[in-house]
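Undergrad: Each residue of the sequence shown is one higher than the one before, counting from 1 in the working numbering.
All residues carry an ideal CB built from backbone N, CA and C; glycine is no exception.
Remember, it's a predicted structure, so these values are computed and weren't measured experimentally.
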Amino acid sequence: MRFEEKARGYHAHASPQRRFAEALAAFAPFEPGDRVTEVGAGTGFLTRALLAQGALVDASDNSPAMVEVGREAAPSASWSVQDALGDLFPCHNLASNGMLQWAPDPAATLRRWRTAVHPGGRLLLGVPCEPGFRELRSLTGEGPIRWRDEAMWLRLLRQGGWDVRASAVMEHPETYPSAVDFLRQLHGSGVTGEPRLGVGELRSLLREYGRRFAAPGGGVVATWAWLMVEAG
Ligand SMILES: C[S@@+](CC[C@H](N)C(=O)[O-])C[C@H]1O[C@@H](n2cnc3c(N)ncnc32)[C@H](O)[C@@H]1O
């Protein structure tokens, strides 16, 4: 992932993530005045949705560039640079969207988060999940993150000491003008790792993608899927 380098691009290109962040906030809304600590807040898509509910948000990210853009986009939150995988300050409620999939040991992180959240507080979590990017993965194999399905994530949450109150998977097919536009958008938003393919391999990947995953009205299709969880 290259979020530090791509912070402004993320804000401009990450429209699916923005949609999932807004859906996540609506999935289990906070009450006006609730204090919420948000980690991996990026440029503030979820932050803004939480602020719109009247929550008081302490937002953080480990990328200073993301925090800078987030501060501009959601100035009424309190922003800081923080690693969400380390120990967190005690907090009332925790929210995170599109970050935990990058953790090398999500169960250990979830356990640390459980310790930080006051008894009676809750976790609002959004993560990409199966069958997201199934088209691309069928051609390239697994990428920089490990894809888990809903059952696997819920197991990790329980191992982390969370009691899952509600969960749902939101699946959304996105259409792009071409396979190259799809990959450019991923790249522009920082969600890809270092390039792993040579020019020839990339060309044949693009050709194959266009051939196998053409959208009915033109362009290509890519499936996005997001797990939303409320846990206490
Ligand atoms: C896909 S973006 C999601 C941003 C935002 N939550 C959203 O919904 O648009 C992932 C974010 O997690 C941040 N991130 C990755 N690892 C992190 C870590 N260990 N601690 C804090 N933030 C992290 C990245 O810098 C990036 O801003």
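(1) The alpha helix (DSSP H) spanning residue 319 covers which residue range?
(2) Please name the residue or residues paired with residue 223 in a DSSP beta bridge.
(3) Could you tell me which residues DSSP pairs with residue 178 in its beta bridges?
(4) By the three-class DSSP mapping on this structure, what secondary structure does residue 66 have?
(5) Please report the distance separating the alpha-carbon of residue 174 from that of residue 84.
(6) With a cut-off of 8 angstroms on the beta carbons, I'd call residue 74 and residue 48 a contact; round off their distance for me.
(7) Taking DSSP as the reference, what is the three-state secondary structure of residue 162?
(8) Does the beta carbon of residue 42 fall short of 7 angstroms from some heavy atom of ligand 1?
(9) Based on Cα-Cα distance, which residue from 130, 133 and 152 lies nearest to residue 106?
(10) Among all the DSSP beta bridges, which residues are the ones paired with residue 126?
(11) Between the alpha carbons of residue 130 and residue 100, how many angstroms are there, rounded?
(12) Over the uninterrupted alpha helix (DSSP H) stretch that includes residue 102, give me the two end residues.
(13) How far does the alpha helix (DSSP H) with residue 199 in it extend, from its first residue to its last?
(14) Using the three-state DSSP reduction, which class does residue 142 fall into: helix, strand or coil?
(15) So, at 6 angstroms on beta carbons, what are the nonlocal neighbours of residue 221 in its own chain, with the 5 sequence-adjacent residues on each side left out?
(16) Given 7 angstroms as the limit, tell me if residue 98 has its C-beta closer than that to any heavy atom belonging to ligand 1.
(17) Bridge partners of residue 215, per DSSP?
(18) Considering residue 47, what are the terminal residues of the alpha helix (DSSP H) in which it resides?
(19) What residue range is occupied by the uninterrupted beta strand (DSSP E) comprising residue 38?
(20) Is the CB-CB distance between residue 157 and residue 116 below 8 angstroms?
(21) Quick check on the DSSP output: the alpha helix (DSSP H) that includes residue 76 runs from which residue to which?
TA: Considering the structure as presented:
(1) This structure cannot settle anything about residue 319, because the visible part of the chain is limited to 1 through 232.
(2) 173
(3) According to DSSP, residue 178 shares a beta bridge with no other residue.
(4) Three-state DSSP puts residue 66 in a helix.
(5) 30 angstroms
(6) 5 angstroms
(7) coil
(8) yes
(9) Nearest option by C-alpha distance: 152.
(10) 97 and 228
(11) 15 angstroms
(12) Counting along the chain, residue 102 falls outside any alpha helix (DSSP H), and DSSP gives it neither H nor E.
(13) It spans 199-212 - the alpha helix (DSSP H) in which residue 199 sits, taken as one unbroken run.
(14) coil
(15) Only 173, 175, 213 and 215 meet the Cβ criterion.
(16) yes
(17) Its beta-bridge partners do not exist; DSSP assigns none.
(18) Taken as a continuous stretch (DSSP letters only), the alpha helix (DSSP H) holding residue 47 covers 45-52.
(19) 35-38
(20) Taking 8 angstroms as the Cβ cut-off, residue 157 and residue 116 do not qualify as a contacting pair.
(21) Per DSSP, residue 76 belongs to no alpha helix (DSSP H) and is neither H nor E.
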